[in-house]
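Have a look at the structure below, then the notes.
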Amino acid sequence: MNILFLSLLDFTDINHKSIYSDLLREFHKNGHFIYAVSPVEKRKATNTQLVNDDRIIIFKPKVGNIQKTNLLEKGLSTLTLETIILEGIKKTFSDVKFDLVLYTTPPITFDKVIRYVKKRDGAKSYLLLKDIFPQNAVDLNMFSKKSPIYLYFRHKEKALYRNSDYIGCMSRANVEYILRHNSGINPKTVEVCPNSIDPAKIEIVDEEKNSIRDKYGIPNNKTVFIYGGNLGKPQGVDFLIECIQANEKNTSSFILVVGSGTEFGKLDRFFKESNPINAKLISQLPKTEYDLLVNSSDVGLIFLDKRFTIPNFPSRLLPYMQASMPVLAATDKNTDIGEVIENGTFGFWCESGSLEKFNKLVTKLCNLKLRNDMGKKAREYLEDNYTAKHSYEIIINHFNK
Numbered sequence: 001m002n003i004l005f006l007s008l009l010d011f012t013d014i015n016h017k018s019i020y021s022d023l024l025r026e027f028h029k030n031g032h033f034i035y036a037v038s039p040v041e042k043r044k045a046t047n048t049q050l051v052n053d054d055r056i057i058i059f060k061p062k063v064g065n066i067q068k069t070n071l072l073e074k075g076l077s078t079l080t081l082e083t084i085i086l087e088g089i090k091k092t093f094s095d096v097k098f099d100l101v102l103y104t105t106p107p108i109t110f111d112k113v114i115r116y117v118k119k120r121d122g123a124k125s126y127l128l129l130k131d132i133f134p135q136n137a138v139d140l141n142m143f144s145k146k147s148p149i150y151l152y153f154r155h156k157e158k159a160l161y162r163n164s165d166y167i168g169c170m171s172r173a174n175v176e177y178i179l180r181h182n183s184g185i186n187p188k189t190v191e192v193c194p195n196s197i198d199p200a201k202i203e204i205v206d207e208e209k210n211s212i213r214d215k216y217g218i219p220n221n222k223t224v225f226i227y228g229g230n231l232g233k234p235q236g237v238d239f240l241i242e243c244i245q246a247n248e249k250n251t252s253s254f255i256l257v258v259g260s261g262t263e264f265g266k267l268d269r270f271f272k273e274s275n276p277i278n279a280k281l282i283s284q285l286p287k288t289e290y291d292l293l294v295n296s297s298d299v300g301l302i303f304l305d306k307r308f309t310i311p312n313f314p315s316r317l318l319p320y321m322q323a324s325m326p327v328l329a330a331t332d333k334n335t336d337i338g339e340v341i342e343n344g345t346f347g348f349w350c351e352s353g354s355l356e357k358f359n360k361l362v363t364k365l366c367n368l369k370l371r372n373d374m375g376k377k378a379r380e381y382l383e384d385n386y387t388a389k390h391s392y393e394i395i396i397n398h399f400n401k
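Printed below as a string of structure tokens:
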């Protein structure tokens, strides 16, 4: 099949590790042709380009800044994104007949592109739902349900769902939420198609682990709890700061925060003013270095703002599981990520804001045997449920009937 893939992911090949490139490699491995649209934000100061390599063509249009920027710039860039991509597809892929359009949220503004390709080629469409917008912004008080911004993007969201032949959600709670809040969707078209990766083999000896920790000034005699990824409003950074402050009294644990985002400055100011001895903040690292740091840590952390009414399911769970690490999640009550973690017996959950329970779970996870047992189960659960092959088979099953 000819696959058209749409996302905000900036890449020039599909050989790096991510939930999307791993899935595209699975399609490629099974003989499909990949045509990907990979926008380049203007902050990177590069021109529109085309990359062509062995049944993979990547069109890289230049667009406005969308990720890790302020709400106004993100909104304006999102509004123009669809037109830029649609015109680019008409020009660049005019002679290609697509069989499947595969696309992700964010953004929710691909509707015109999808309708155009479906009408032109008779293609099927499959949405990988990774973000429920604009409700997530309402939850964080960015705007109200009465605002023109909400009404516009809610209209675009409904159109996107309506024109998707299939919707793959990250978890069962996502499926239930979408059906509960969008009455016009056929339940038979909505399914769980989880975040997934092609798990790498992790082999790291204690000597190498200690060397990596020494490089970054991380203690070798403490249980290292690592949070890695986006540091924005969805993560509820205020509670993360509370956890770091409370952990100053713990002699057995150390909190490591690695990432970037709109709330990084708040964290950076806290670290400079408070100078915690039991925690460290590191700005975003190249992926290879970040992976080494994860593999040299002991417990993976997940944070989500407690105000969320939508069931987020952060993909940062996967590298923790790949590294055979237990996971401690502090989130809202509407996501089912805590249920998955605890039912899989590879970690613990508490509600964001529950500082006393969080501290108790940190102490509990300082037990080496418990961490080893849970880490082993995390890796097993990943291989049994969250591989790119699993996701590929869920999608391709609709075309093998």
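Okay, so the sequence shown: first residue is 1 according to the UniProt record's numbering, each after it adds one.
Heads up, the beta-carbon is just placed ideally off N, CA and C, and yes, glycines get one too.
Here the structure is a predicted model, which means the values were calculated and not measured.
- The criterion of a C-beta distance shorter than 8 Å is satisfied by Thr-104 and Ser-7.
- Here Phe-59 is not near Val-40, since their CB atoms are 8 Å or more apart.
- The C-beta separation of Leu-160 from Asp-111 comes to about 5 Å, placing the pair in contact by the 8 Å criterion.
- Taking the Cβ atoms as the reference, Leu-231 lies roughly 5 Å from Phe-264, within the contact range of under 8 Å.
- Under DSSP, the beta-bridge partners assigned to Ile-56 are Ile-34.
- Comparing alpha-carbon positions, the option among Gly-353, Pro-314, Glu-383 lying closest to Asp-131 turns out to be Pro-314.
- By alpha-carbon distance to Ala-137, the top candidate from Ala-330, Asn-295, Lys-233 is Lys-233.
- By the C-beta criterion, the stretch 327–341 is judged to be in contact with the stretch 294–314, since at least 3 inter-stretch pairs fall below 8 Å.
- Counting other Cβ atoms within 10 Å of its Cβ, Gln-235 reaches 16 or more and is therefore classed as buried.
- Cys-193 and Glu-273 have their alpha carbons spaced roughly 43 Å apart.
- Taking each of Gly-347, Ser-352, Lys-376 in turn and checking the Cα distance to Thr-363, the smallest one comes out for Gly-347.
- Non-local C-beta neighbours of Met-1 in its own chain, meaning closer than 6 Å and more than five positions away in sequence, comprise His-32, Asp-99, Leu-100, ordered along the chain.
- Take the alpha-carbon of Val-96 and the one of Thr-48: they are about 20 Å apart.
- For Thr-92, the secondary structure class from DSSP, reduced to helix, strand or coil, is helix.
- Remark: C-beta atoms of Lys-156 and Ile-108 approach each other more closely than 8 Å.
- Judged by DSSP secondary structure, Cys-366 falls outside any alpha helix (DSSP H); it is assigned neither H nor E.
- When beta bridges are read from the DSSP output, Val-205 appears opposite no residue.
- Take Asp-198, set aside five residues on each side of it, and the residues of its chain with a beta-carbon closer than 6 Å to its own are Asp-22, Ala-388, in chain order.
- Taking C-beta separations shorter than 6 Å and ignoring five residues to either side along the sequence, the partners of Ile-149 in its chain run Phe-143, following chain order.
- In terms of CA proximity to Ile-185, Ser-164 leads the group Ser-196, Ala-200, Ser-164, Ile-204.
- Under the three-state reduction of DSSP, Cys-350 is assigned to strand.
- Looking from the CA of Thr-345, the closest CA among Phe-133, Leu-370, Glu-248 belongs to Leu-370.
- Just so you know, the alpha carbons of Ser-260 and Ser-324 end up roughly 24 Å apart.
- Proximity to Phe-133 across His-181, Asp-13, Gln-245, Glu-351 peaks at His-181, based on C-alpha coordinates.
- In the displayed model, Tyr-161 falls within a helix according to three-state DSSP.
- Taking C-alpha positions only, Met-321 is separated from Val-327 by approximately 8 Å.
- Look at Ile-310 here: in three-state DSSP terms it is coil, with no helix or strand label.
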